[in-house]
Amino acid sequence: MTIAFIWAQDANGLIGQDGHLPWHLSDDLKYFKQRTLGQIVLMGRKTFEGMGSRPLPRRDNLVLTRQADYQVSGDNIAVVTSPEAALEYAEARPDQTLFVIGGAGVFMSFADKVDTLYVTRIAGTFTGDTVMPELDFSKFKRTGLRTVENDDPQLTHSFETWERL
Ligand SMILES: NC(=O)c1ccc[n+]([C@@H]2O[C@H](COP(=O)([O-])OP(=O)(O)OC[C@H]3O[C@@H](n4cnc5c(N)ncnc54)[C@H](OP(=O)(O)O)[C@@H]3O)[C@@H](O)[C@H]2O)c1
Numbered sequence: 002m003t004i005a006f007i008w009a010q011d012a013n014g015l016i017g018q019d020g021h022l023p024w025h026l027s028d029d030l031k032y033f034k035q036r037t038l039g040q041i042v043l044m045g046r047k048t049f050e051g052m053g054s055r056p057l058p059r060r061d062n063l064v065l066t067r068q069a070d071y072q073v074s075g076d077n078i079a080v081v082t083s084p085e086a087a088l089e090y091a092e093a094r095p096d097q098t099l100f101v102i103g104g105a106g107v108f109m110s111f112a113d114k115v116d117t118l119y120v121t122r123i124a125g126t127f128t129g130d131t132v133m134p135e136l137d138f139s140k141f142k143r144t145g146l147r148t149v150e151n152d153d154p155q156l157t158h159s160f161e162t163w164e165r166l
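Here the sequence shown is numbered in our numbering, starting from 2 and rising by one per residue.
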């Protein structure tokens, strides 16, 4: 089983504002979709609700919450109440990558186990309330880098891939 993180952050590591992304960057949404289609996406309850409480299409969605009675609807979505339960789900589906898609606490829970990091670094600084936890990049090697210039320099961004050494 492969575990990957995928997220976008600004120059200060900011990832969220009031339940949503602090920016609108369609190129990054397209990249996210392309990377995660057909895979398992694991998200925290707040991230799920920030997306309108709807599962991402053509992906197996897992919502992490401590609320044992949390209700979701759809045939491609399930609730898990611990990171271990998410791992069990993914272990039973070895052909799929487990994409942890946030937010902050969920990334933290998998920081020691993650194999691949897909980070979109956005050049600007934004206002928000949620920051990506520090990861130890010395344990990873960068294997991919593509920079996309934007007319708005705040939105110039780089897609990076890092693999665990
Ligand atoms: N830029 C990006 O790439 C990116 C990616 C993801 C999210 N975001 C942004 O980040 C913000 C949301 O992130 P967040 O960190 O505030 O919230 P979150 O991680 O999405 O959700 C937090 C909730 O997840 C559940 N949870 C977390 N760890 C758990 C554990 N170990 N066991 C069981 N349940 C657990 C809890 O739900 P209960 O309270 O229900 O128990 C917790 O309150 C939004 O603004 C979103 O747009 C940005």
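For each residue, glycine too, the CB sits at the ideal point set by N, CA and C.
No experiment lies behind these values; they were computed from the predicted model shown.
For residue i versus residue j, is the C-beta distance shorter than 8 Å?
i	j	result
L99	M2	yes
A105	P134	yes
V42	N13	no
T144	E164	yes
R94	L65	no
R122	Q10	yes
L156	W24	yes
Tell me whether residue i sits in a helix, a strand or coil according to DSSP, three-state version.
i	result
R143	strand
E161	strand
Y119	strand
Q155	helix
G51	helix
D29	helix
V107	helix
T66	coil
A9	strand
A124	coil
Q40	coil
M15	Before going on, a small fix: residue 15 reads as Leu here, not Met. Strand at L15.
From residue i to residue j, what does the alpha carbon distance come to, in whole angstroms?
i	j	result
F33	V101	12 Å
G75	K140	38 Å
G125	F6	21 Å
D96	F127	37 Å
D116	F138	12 Å
R1	A79	Outside the displayed range of the chain (2 to 166) lies residue 1, so it cannot be described from this structure.
Q72	H158	36 Å
G51	T162	26 Å
Could you tell me if the beta carbon of residue i falls within a distance shorter than 7 Å of some heavy atom in ligand 1?
i	result
T117	no
A105	yes
T128	no
R67	yes
A112	no
M2	no
W163	no
H21	yes
Y32	no
Q72	no
Comparing the C-beta of residue i with each C-beta of chain E, is any distance below 8 Å?
i	result
Q40	No chain E is present in this structure, which holds just one protein chain.
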